[in-house]
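Down below is the structure, laid out as structure tokens.
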Amino acid sequence: MINTQNKKNILELILIILAGESVFFLPFVIQRVFRPTFLDVFELTNYELGVCFSIYGLVGLFSYFFGGALADKFSPRVLMSLALLLTSLGGLWMMNYPSYSVLKWLYGYWGFTSIFLFWGAMIKQTRIWGGSKNQGIAFGFLDGGRGLVAAVLSSVGILIFAHYLGGDADLILSERQEAFKGVLIFTSVFVGGIGILVFFFLDKNGEPDSSIDTSKVFVRRDFRKVMTMPSVWHLTVIVFCAYLGYKVTDIFSLYAKEVMLYDEIAAAGIGSILLYLRPIVGVIIGFLADRTRGSLLILLAFIMMFFGSIFFASGIINPSLNSLFLLGITLSATAIYALRALYFSILKEGLIPVTLTGTAVGVISFIAYTPDIFSGPIIGYLLDSAPGGAGYRVVFSLLAVFSLLGTVATWSFRKSMSSTHQQMPTFS
430 MINTQNKKNI
440 LELILIILAG
450 ESVFFLPFVI
460 QRVFRPTFLD
470 VFELTNYELG
480 VCFSIYGLVG
490 LFSYFFGGAL
500 ADKFSPRVLM
510 SLALLLTSLG
520 GLWMMNYPSY
530 SVLKWLYGYW
540 GFTSIFLFWG
550 AMIKQTRIWG
560 GSKNQGIAFG
570 FLDGGRGLVA
580 AVLSSVGILI
590 FAHYLGGDAD
600 LILSERQEAF
610 KGVLIFTSVF
620 VGGIGILVFF
630 FLDKNGEPDS
640 SIDTSKVFVR
650 RDFRKVMTMP
660 SVWHLTVIVF
670 CAYLGYKVTD
680 IFSLYAKEVM
690 LYDEIAAAGI
700 GSILLYLRPI
710 VGVIIGFLAD
720 RTRGSLLILL
730 AFIMMFFGSI
740 FFASGIINPS
750 LNSLFLLGIT
760 LSATAIYALR
770 ALYFSILKEG
780 LIPVTLTGTA
790 VGVISFIAYT
800 PDIFSGPIIG
810 YLLDSAPGGA
820 GYRVVFSLLA
830 VFSLLGTVAT
840 WSFRKSMSST
850 HQQMPTFS
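Residue numbers for the sequence shown follow the numbering used here, so the first one is 430 and each next one is one higher.
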């Protein structure tokens, strides 16, 4: 039987998982699942939505770098709760269907609430939950669980939207906006509710230790040491290429509508189904990674991502080849989700000391997550300037190139580490 303490630990992890995905639902997941509808009801082009993502990414870029220090000075529980509540208020703002210029401010605001206030606090709270022996379980379940939460919430959102549409997909704009408002209301209330639960029920073990000198959070010597590690730069390229692949998953539902000629509900369904792959892939790849080197699986995943990209870049997929379309997105998404689950799991394999984990992740993230800034406008411009399948072929051709770059970086990482492991002691 599970004792009371174990039940408490499980419930706390579930709460971290719920918080970890909910905070990103308004800025990202809704747009990924409902992209054609979102562009329509907000009267945006792909490029304009991409600019919104870029503003989020620019604010988030510096937030990744400095937010971790904030989590060392203040309670992660309080920071996470505050971030969720403030993010949900942005959803209430969005219900008014603001102009494009106002949306840009909203995305900058979300870059602050969901990254600066939240990201470092969530990572710290997850490490606390995992203790000294269960870090793999903690972060493995965090990523897989977040994928499951995204899938379930998106499915509920689709049901709500379909209910308000009433089976009529040809409603005028104001009626479609009213239907989509139901999705925004549900999401905003859910995110705010999780924020309240986090404040009252999350473990308080993460409260800052008053004996720690928080004035020395940033140590220049640590940054210099991290930047001289070859594995850090290999990982930066690996994460960059993998994360760029993750950004491309935003357009799968739009591809289904514009190229495969799906209706809006069916296109959103494609986005939702793909989200269910994430927890499945995360759990399976986590178990496999425990039985072999994570870098080997990353190498194989980049090769899979390359072939998945070629399916779409070749232009052979059309509405009459639905099975090939489903095969292509399954292959691509499986590889991308595997990479997302694995890339930070090889810090130990890269001989990065545990004591420098935060600094290393900060340096890697500061560079590797730059696709948040430029990928949206570039992808949006390519899709808008080449309607139909042509723009998509260019996007997936670029993804194939970065898949090869990721493959080379991973191979180089493995070669470097295979020789270094025999010359250096493993850090702990």
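Virtual Cβ for every residue (Gly too), placed ideally from N, Cα, C.
Rounded to the nearest whole angstrom, the CA to CA distance from residue 826 to residue 738 is 7 Å. Contact between residue 470 and residue 606 holds: CB atoms are separated by about 5 Å, below the 8 Å threshold. In the structure shown, the three-state DSSP call for residue 801 is helix.
The three-state secondary structure of residue 526, taken from DSSP, is coil. Between residue 729 and residue 735, the alpha-carbon positions lie close to 10 Å from each other.
Counting every other CB atom within 10 Å of its CB across the protein chains shown gives residue 592 a total below 16, marking it as exposed. In this model, residue 467 and residue 456 are separated by some 12 Å (Cα to Cα). For residue 708, the uninterrupted alpha helix (DSSP H) run begins and ends at 693-718, by DSSP.
Within 10 angstroms of the beta-carbon of residue 692 lie fewer than 16 other beta-carbons, which makes it exposed. Between residue 799 and residue 490, the C-beta spacing is below 8 Å. For the options 542, 484, 807, 776, the alpha carbon positioned closest to that of residue 449 is the one of 542. Residue 727 is positioned such that its CB atom lies closer than 8 Å to that of residue 667.
In the DSSP assignment, residue 469 falls within the unbroken alpha helix (DSSP H) covering 464-470. Cβ contact annotation for residue 792 (same chain, cutoff 8 Å, sequence separation greater than five): 652, 655, 656, 661, 665, in chain order. Under the 10 Å beta carbon count, residue 459 is surrounded by 16 or more other beta carbons and is classified as buried. For residue 774, there is no enclosing alpha helix (DSSP H), since its DSSP letter is neither H nor E. Contact check for residue 624 and residue 513: beta-carbon distance about 3 Å, within the 8 Å limit, so the pair qualifies. Taking the CA atoms as reference points, residue 777 sits about 11 Å from residue 722.
The distance from the Cβ of residue 615 to that of residue 586 is about 7 Å, consistent with a contact at the 8 Å cut-off. Exposed is the label assigned to residue 630, since fewer than 16 other Cβ atoms lie within 10 Å of its Cβ. Out of 581, 453, 670, the CA that lies nearest to the CA of residue 834 is found in 670. With a threshold of 16 other beta carbon atoms within 10 Å, residue 716 falls short and is exposed. Taking each of 767, 439, 701, 810 in turn and checking the Cα distance to residue 682, the smallest one comes out for 701.
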